[in-house]
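Student: Per full-length UniProt numbering, residue 1 is the first one in the sequence shown, and the count goes up by one each step.
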Amino acid sequence: MASFATPLKLGSLLLKNRVIMAALTRNRNLVPGPLQVEYYTQRATAGLILTEATLIEPIGTEWNNAPGIYSDEQVAGWRKIVDSVHAHNGHIFIQLWHIGRVAHPLLQNGRPNVAPSAIAAKGGKFRQLPGAPGYVTPVPIDDPEHYIALYKRAAERAKEAGFDGVELHSANGYLPNQFIDNTSNQRTDKWGGSVENRCRFSLRIIDEICGVYGNDRVGIKLSPGGGYNDMGMTEKDTVETYGYLIKELTSRRIAYIQLARYWSLGDPTKRGTDVDIFQWRNLIDSEHTKLFVNTDYDSEQGAKTLKDGLADAIVFGRFYITNPDLAQRLINKQELNTNYNFKTFYDGDHTGYTDYPTYEQEHVVPA
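Below, the structure is given as structure tokens:
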């Protein structure tokens with residue numbers, strides 16, 4: 001019977017607890033700097049840190065200040081973060097990201113948006129930049145192997161920076177998810193149509209980055225129910241597609257599969273299906289591949305999920321913004337800080353970023 005405090009064997013790593021810091025876009029630095037060193041080091045008590053989504057090439061974003069891992073300067077910046085997290089007895093994976101068709105068209109360096117097919121996403125909006133001209137019809141990718149190679153190169157750079165491993169962002173309507181979903185992928189070649197073909201892009205990326213890091217240092221994030229960025233298939237197609245994909249991922253003995261629950265974020269398209277992510281639990285061989293779960297977990301629900309053996313670790317996002325010591329608070333059953341500074345979620349300096357207090361700092365007794 002596991003709890004937040006129970007250590008977790010993740011491949012060749014031993015995580016000190018089962019509280020995972022989610023990837024959180026904060027839009028602070030194209031090149032990680034001293035502010036990011038402080039931010040991640042503050043949260044090094046997590047069992048595992050997943051970095052903010054990190055671009056594999058200098059296009060493909062709606063954020064004007066999101067970091068990448070495509071330049072030597074970025075590698076050097078990330079290395080300082082990794083070294084500091086390691087010095088504080090933490091582990092950290094980088095999340096590799098390409099946003100595909102839902103990128104802001106004015107941040108594409110003059111290049112077109114790309115996707116599996118020429119199908120524009122509906123609904124939604126750009127949260128950090130003006131929405132106009134909004135989502136555009138993307139250009140179909142001619143050779144998906146080109147993008148697979150970009151992911152591999154990003155993994156190589158991540159290894160140069162010293163990261164403990166990598167997570168493929170194959171969720172939330174971004175490029176790999178666009179290949180998986182039959183509403184955004186209507187190709188007729190080997191990359192579309194059948195379940196096997198639609199899953200090929202994500203699996204090829206996984207195989208390439210496993211070749212860089214080793215299978216037990218690679219994870220993946222999936223959002224089967226869709227609900228965000230105009231993603232989501234019928235329940236029948238969802239069950240069939242993700243059943244196949246999870247079986248294939250488990251057979252590769254990767255470190256973990258992160259499943260996110262249905263999340264619409266007010267998307268007016270209402271696409272997606274609120275499926276039970278635990279229906280695939282018995283497909284995952286937990287001896288080799290762990291199951292992480294994410295999206296709107298609170299302390300009680302997370303604790304019960306671990307106690308019942310439904311998942312191996314809980315991934316927390318927003319709580320890690322306001323609680324740099326979240327793992328300790330959860331383990332010690334201490335009150336969580338929910339006083340968010342919403343104006344600084346996605347932009348700014350240290351305010352609302354590194355100035356949130358720990359529990360001990362909140363309860364300092366005046367001399």
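The C-beta atom is built at its ideal place from N, Cα and C for all residues, glycine as well.
1. Comparing alpha-carbon positions, which option in ALA311, GLU287, PRO105, LYS290 lies nearest ASP276?
2. I'd like to check one pair, ARG252 with CYS210: are the Cβ atoms closer than 8 Å?
3. Going by the CB atoms, is the gap between VAL75 and ALA161 shorter than 8 Å?
4. Is the beta carbon of LEU259 sitting closer than 8 Å to the one on LEU168?
5. Is PHE4 helix, strand or coil by DSSP?
6. Return yes when the Cβ of SER202 is within less than 8 Å of the Cβ of PHE179, no when it is not.
7. Just checking my contact of ILE314 with TYR297 at CB under 8 Å: how many whole Å lie between their CB atoms?
8. Tell me whether the beta-carbon of THR354 lies closer than 8 Å to the beta-carbon of LEU150.
9. Using 8 Å for Cβ pairs, my map puts LEU249 next to ILE206. What's the rounded Cβ distance?
10. Should ASN185 be labelled buried (16 or more other beta-carbon atoms within 10 Å of its own) or exposed?
11. Of the choices LYS333, VAL37, ALA303, THR241, whose alpha-carbon is the least far from that of LYS80?
12. Please confirm whether residue 373 and TRP191 have their CB atoms less than 8 Å apart.
13. Going by the DSSP bridge assignment, what does GLY211 pair with across the sheet?
14. Using only CA atoms, which one of GLY47, ASN294, TYR40, LEU24 lies nearest to LYS16?
15. Over what stretch of residues does the alpha helix (DSSP H) that includes LEU35 continue unbroken?
16. Indicate the three-state DSSP secondary structure (helix, strand or coil) for LEU96 in the structure shown.
17. Of the choices GLY225, ILE246, ASP230, ASN229, whose alpha-carbon is the least far from that of LYS236?
18. With DSSP run on the structure shown, which of helix, strand or coil describes VAL85?
19. Less than 8 Å between the beta carbons of LYS122 and ASP230, yes or no?
20. Should VAL166 go down as buried or exposed, given a rule of 16 or more other Cβ atoms within 10 Å for buried?
21. Following the continuous beta strand (DSSP E) through VAL218, name the residue where it begins and the one where it ends.
22. Can you tell which of THR188, TYR135, PRO112, ARG204 has its C-alpha closest to the C-alpha of HIS146?
23. Note down the Cα distance separating GLY317 from ASN282, rounded to an integer number of angstroms.
24. Give the secondary structure of GLY68 by DSSP, where H, G and I count as helix, E and B as strand, and everything else as coil.
25. Could you name each continuous alpha helix (DSSP H) segment of 4 residues or more that falls completely within the segment 113-182, going from the start of the chain to the end?
Tutor: Straight from the coordinates:
1. ALA311
2. yes
3. yes
4. no
5. Judged by DSSP in its simplified three-state form, PHE4 adopts coil rather than helix or strand.
6. yes
7. 5 Å
8. no
9. 7 Å
10. buried
11. VAL37
12. Missing from the structure shown is residue 373; the chain here goes from 1 to 367 and no further.
13. Looking at the DSSP assignment, GLY211 forms no beta bridge with any residue, so it has no partner.
14. GLY47
15. 34-42
16. strand
17. GLY225
18. For VAL85, the three-state secondary structure derived from DSSP is helix.
19. yes
20. It counts as buried.
21. 218-222
22. ARG204
23. 26 Å
24. strand
25. 144-161, 175-180
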